[in-house]
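Take 1 as the starting number for the sequence shown in my numbering and just add one per residue. For glycine and all other residues, C-beta sits at the position ideal for the given N, C-alpha and C. Bear in mind that the values here come from a model prediction, so they are computed numbers and not experimental data.
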Amino acid sequence: MCFSVLTVIFLVGFITLICYIRGVNVWKNNIQQNFPPGPRPLPLIGNLHIMDLKRPHETLCKLSEKYGSVFSIQLGMKKMVVLTGYETVKEALVNHADEFEERARVPMFEDFAKGHGIIFSHGETWKVMRRFALTTLRDFGMGKKTIEDKIIEECGFLINQFESFHGTPFDTLMSLTLPIANIIVSILQGYRFDYNDPVLRRIIHINNKADRLLGTPMVLLYNIFPIFRFLPGNHKTVYNIVLEINAYIKSTLMECQRQLDTNDQRSFIDAFLSRQKEEKDHPNTHFNEENLVNVVQNLLGAGMSTTATTFQWCLLIMMKYPEIQEKVQEEIERVIGSSQPRTEHRKHMPYTNAVIHEVQRFANIVPMNLPHETSRDTNFKGYFLPKGTFVIPLLASVLRDKTYFENPEEFDPRHFLNMDGKFVINDAFMPFSAGRRICVGENLAKMELFLFFSSLLQKFTIRPPPGVTDVDLTPTFGITTPPMPHQICALSRT
Ligand code: HEM
1 MCFSVLTVIF LVGFITLICY IRGVNVWKNN IQQNFPPGPR PLPLIGNLHI MDLKRPHETL
61 CKLSEKYGSV FSIQLGMKKM VVLTGYETVK EALVNHADEF EERARVPMFE DFAKGHGIIF
121 SHGETWKVMR RFALTTLRDF GMGKKTIEDK IIEECGFLIN QFESFHGTPF DTLMSLTLPI
181 ANIIVSILQG YRFDYNDPVL RRIIHINNKA DRLLGTPMVL LYNIFPIFRF LPGNHKTVYN
241 IVLEINAYIK STLMECQRQL DTNDQRSFID AFLSRQKEEK DHPNTHFNEE NLVNVVQNLL
301 GAGMSTTATT FQWCLLIMMK YPEIQEKVQE EIERVIGSSQ PRTEHRKHMP YTNAVIHEVQ
361 RFANIVPMNL PHETSRDTNF KGYFLPKGTF VIPLLASVLR DKTYFENPEE FDPRHFLNMD
421 GKFVINDAFM PFSAGRRICV GENLAKMELF LFFSSLLQKF TIRPPPGVTD VDLTPTFGIT
481 TPPMPHQICA LSRT
């Protein structure tokens with residue numbers, strides 16, 4: 001115990017000294033090398049002292065008012081470049097796609113993905129895995145009828161679940177994640193779970209916990225000072241959660257392997273295993289078990305919490321603004337009546353479509369985006385960014401860009417409607433990011449949100465629990481930004 005404390009004190013002292021010497025040089029070098037401007041860093045901690053560690057995107061938005069749309073920040077010893085506002089983020093991710101496509105190396109993610117999968121992989125592995133995921137998701141119905149049918153079937157189970165509460169208050173986190181999780185599970189594994197299945201509930205529970213912990217100041221600090229990896233803390237809990245999810249995935253893979261019929265592929269995993277078989281003699285194949293486990297884990301993790309969090313916001317916001325909810329219900333009655341909502345209805349429902357877009361803009365669920373890295377030396381907007389520069393294309397600043405949204409801080413569906421009440425897309429609607437790393441599940445998420453949302457509002461009116469007079473729209477924090485824990489009442493409309 002005593003030894004550990006002394007070791008830590010010694011390490012901190014030693015690192016402070018090195019950092020002080022380097023910190024001054026780094027700052028001077030920034031100016032000399034035409035690196036973007038930013039607040040002057042302190043030794044060891046860089047600019048950590050000015051960051052709101054729970055809501056770092058808010059500090060970064062404020063800093064951009066002083067330093068412009070391309071500026072630098074230093075957390076610990078790590079220099080980062082922050083891009084803000086629609087024009088700048090689009091210029092980087094779309095117009096300089098080659099230079100900004102790489103994923104930054106973040107200690108926590110490198111620890112558990114080790115460069116495998118899609119989200120945290122790099123170079124050729126990323127290209128091959130991403131291409132495979134996109135084509136296979138499409139083949140298994142992403143953006144097509146079969147997945148629509150799966151979602152519609154799941155809507156039935158979701159409605160039954162809501163009915164079972166008989167209008168009494170319930171928490172939405174688990175209730176709304178269950179159907180979303182089942183869609184991605186059925187694409188990956190080929191079957192859905194019962195809502196009471198302990199395995200499904202456990203995966204949702206630990207995945208949500210990891211999401212929350214990944215956004216804590218402790219994990220942020222770990223990513224800045226990975227040298228302290230031996231200390232206990234949230235980074236260890238997240239690591240153990242990933243191990244547990246991967247163990248579940250491995251046991252599923254064994255079952256799929258046993259039943260595999262390459263001529264009758266029933267799921268994403270079957271498709272991967274078949275390709276692995278085809279390429280078994282290629283010495284440099286990327287179709288190996290590590291990539292399979294990580295791709296499945298990426299799609300499961302990314303496919304569940306993001307969409308479910310957005311769906312939670314949809315219902316919370318309807319509860320806050322009953323007049324908007326009523327207008328959505330009127331449109332559902334007029335266009336769909338009592339039939340089953342289908343994706344083809346969406347183009348005839350400008351108001352509902354605008355409300356869902358506005359929820360995604362307002363909820364801003366991945367405010368910091370995932371970090372990118374320059375893949376080569378890059379000249380960007382008059383600055384020089386060396387190869388390997390850590391880049392944050394700040395989505396929060398795009399979704400609240402004053403030039404594109406009249407009332408960026410307010411929930412206002414008119415951001416997506418013209419004077420005639422027709423739906424208009426707004427260029428700065430970028431919740432899925434943009435460019436080569438744009439979200440793989442964008443189409444799936446959009447389809448799920450429309451079908452689940454319109455199916456629920458067709459059958460229920462969402463109201464606050466008795467006694468709740470003010471609905472709080474303050475987000476909590478995590479790697480995504482969910483609403484505060486809350487309850488809703490779903491009152492049957494029939
Ligand atoms: C409302 C729902 C969703 C939102 C807001 C969202 C948002 C995002 C964002 C901001 C990124 C980072 C893009 C970048 O690095 O520039 C991302 C990446 C990713 N998303 Fe989503 N996502 C959603 C749903 C989904 C779903 C349903 C899936 C799976 C089917 C998915 C799979 C992925 C994957 C695999 C990546 C990594 C892409 C890459 O690195 O090439 N997401 N998403």
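Query raised in the report: What are the start and end residues of the alpha helix (DSSP H) that includes Y355?
Result: As a working note, residue 355 is residue 355 in the sequence shown. Position check: residue 355 holds Val in this sequence, whereas Tyr was assumed. Run containing V355: 350-363, per the alpha helix (DSSP H) assignment.
Query raised in the report: Considering only the beta carbon of each residue, do G117 and V295 sit closer than 8 Å?
Result: By one-based count along the sequence shown, residue 117 stands at place 117. By one-based count along the sequence shown, residue 295 stands at place 295. Closer than 8 Å, so yes.
Requested in this report: Could you tell me the boundaries of the alpha helix (DSSP H) in which M419 lies?
Outcome: For the purposes of this step, residue 419 is taken as residue 419 along the sequence shown, with counting starting at 1. Run containing M419: none; DSSP gives neither H nor E here.
Query raised in the report: Is the region 73-80 close to the region 405-423, with three or more CB pairs under 8 Å?
Result: no
Query raised in the report: Just to confirm, are Y86 and Y404 a CB contact at a threshold of 8 Å?
Result: Translated into the one-based positions of the sequence shown, residue 86 becomes position 86. Translated into the one-based positions of the sequence shown, residue 404 becomes position 404. Their beta carbons are under 8 Å apart, which means Y86 touches Y404 by this criterion.
**Report entry** Beta bridge counterpart(s) of Q340 as assigned by DSSP
**Finding:** Here residue 340 refers to the residue found at position 340 of the sequence shown. Partner(s): none; Q340 has no beta bridge.
Query raised in the report: What separation, rounded to the nearest whole angstrom, lies between the Cα atoms of N407 and S251?
Result: Walking along the sequence shown from the start, residue 407 turns up at place 407. Walking along the sequence shown from the start, residue 251 turns up at place 251. Roughly 49 Å separates the two Cα atoms.
Query raised in the report: Start and end of the beta strand (DSSP E) containing P393?
Result: As a first step, residue 393 must be located in the sequence shown, where it is residue number 393. Here the beta strand (DSSP E) through P393 covers 390-393.
Query raised in the report: Per DSSP, which one or two residues make a beta bridge with G46?
Result: Working through the sequence shown from its first residue, we reach residue 46 at position 46. For G46, which the question treats as bridged, DSSP gives the partners L42, L75.
Report task. Output the distance between the C-alpha atoms of D98 and T88, rounded to the nearest integer angstrom. Result -> As a first step, residue 98 is located in the sequence shown; it is residue number 98 there, counting from the start. As a first step, residue 88 is located in the sequence shown; it is residue number 88 there, counting from the start. Roughly 15 Å between the two C-alpha positions.
Query raised in the report: From this set, G233, I184, P36, R201, which residue's C-alpha is nearest N443's C-alpha?
Result: Looking up residue 443 in the sequence shown gives position 443. Ranking the options by Cα distance to N443, first place goes to I184.
Query - Buried versus exposed call for V363 [16 or more other C-beta atoms within 10 Å across all chains shown] - result: One-based indexing of the sequence shown puts residue 363 at position 363. Residue 363 is actually Ala in this sequence, not Val. That one is buried.
Query raised in the report: Helix, strand or coil: how does DSSP classify E373 here?
Result: Walking along the sequence shown from the start, residue 373 turns up at place 373. Strand at E373.
Query raised in the report: Going by the CB atoms, is the gap between M319 and I159 shorter than 8 Å?
Result: Within the sequence shown, numbered from 1, the residue matching residue 159 stands at position 159. Within the sequence shown, numbered from 1, the residue matching residue 319 stands at position 319. Contact flag unset, no.
Report task. Specify the secondary structure class of M80 as computed by DSSP and reduced to three states. Result -> Translated into the one-based positions of the sequence shown, residue 80 becomes position 80. If DSSP states are grouped into helix, strand and coil, M80 belongs with the strands.
Query raised in the report: What does S455 pair with, by DSSP beta-bridge criteria?
Result: Here residue 455 is taken as the residue at index 455 of the sequence shown, counted from 1. Answer by DSSP bridge pairing: none, since S455 is not bridged.
Requested in this report: Return the chain-ordered ranges of every alpha helix (DSSP H) run that is complete within the region 221-246 and spans a minimum of 4 residues.
Outcome: none
Requested in this report: Give a single yes or no on whether C314 has its beta carbon closer than 7 Å to a heavy atom of ligand 1.
Outcome: Walking along the sequence shown from the start, residue 314 turns up at place 314. Answer for C314: no, Cβ out of range of ligand 1.
Requested in this report: Report whether the distance from the Cβ of N426 to the nearest heavy atom of ligand 1 is below 7 Å.
Outcome: Start at 1 with the first residue of the sequence shown, and residue 426 comes out as number 426. Flag unset: Cβ of N426 not near ligand 1.
Report task. Flag V398 as yes when its Cβ comes closer than 7 Å to any non-hydrogen atom of ligand 1, and as no otherwise. Result -> Stepping through the sequence shown from its first residue, residue 398 is reached at position 398. No; taking the cut-off as 7 Å, the Cβ of V398 has no heavy atom of ligand 1 nearer than that.
Query raised in the report: If you draw a straight line from the alpha carbon of G382 to that of T285, how long is it in whole angstroms?
Result: Along the sequence shown, read from residue 1 onward, the residue named residue 382 stands at position 382. Along the sequence shown, read from residue 1 onward, the residue named residue 285 stands at position 285. Each residue's Cα considered, the two are about 40 Å apart.
Query raised in the report: Relative to ligand 1, is the shortest distance from any of its heavy atoms to the C-beta of F432 smaller than 7 Å?
Result: Taking the sequence shown and counting its residues from 1, one reaches residue 432 at position 432. Yes.
Query raised in the report: DSSP state of V24, grouped into three classes?
Result: Looking up residue 24 in the sequence shown gives position 24. Per-residue confidence for V24 stands at a pLDDT of 48, beneath the threshold of 50, marking its modelled position as unreliable; the derived number appears in the next sentence. Helix.
Query raised in the report: Comparing the CB of I317 with every heavy atom of ligand 1, is any distance shorter than 7 Å?
Result: Mapped onto the sequence shown, residue 317 falls at position 317. No, the beta carbon of I317 sits no closer than 7 Å to any heavy atom of ligand 1.
Query raised in the report: Which stretch, first to last residue, makes up the beta strand (DSSP E) that contains R537?
Result: No information on residue 537 is available, as it lies outside the stretch 1 to 494 that the chain covers here.
Query - Supposed contact pair S375 and E102 - C-beta distance, whole angstroms, cut 8 Å - result: For this step, residue 102 is matched to residue 102 along the sequence shown. For this step, residue 375 is matched to residue 375 along the sequence shown. Sure, about 4 Å apart at Cβ, within 8 Å.
Query raised in the report: So which of R275, N47, L134 has the shortest CA-CA distance to V440?
Result: Stepping through the sequence shown from its first residue, residue 440 is reached at position 440. Of the candidates R275, N47, L134, the one whose C-alpha sits nearest the C-alpha of V440 is L134.
Query raised in the report: Going by beta carbon distance, what residues of the same chain come within less than 8 Å of L173, once the five residues before and after it are set aside?
Result: Along the sequence shown, read from residue 1 onward, the residue named residue 173 stands at position 173. Only N208, A308, Q312, P482, P485 meet the Cβ criterion.
Query - ligand 1 heavy atom lying under 7 Å from the CB of I249 - result: Here residue 249 refers to the residue found at position 249 when the sequence shown is read from its first residue. No, ligand 1 has no heavy atom inside 7 Å of this Cβ.
Query - Supposed contact pair F432 and I425 - C-beta distance, whole angstroms, cut 8 Å - result: Sequence index remark: in the sequence shown, residue 425 carries index 425 (1-based). Sequence index remark: in the sequence shown, residue 432 carries index 432 (1-based). No, I425 and F432 are not in contact; Cβ-Cβ is about 13 Å, not under 8 Å.
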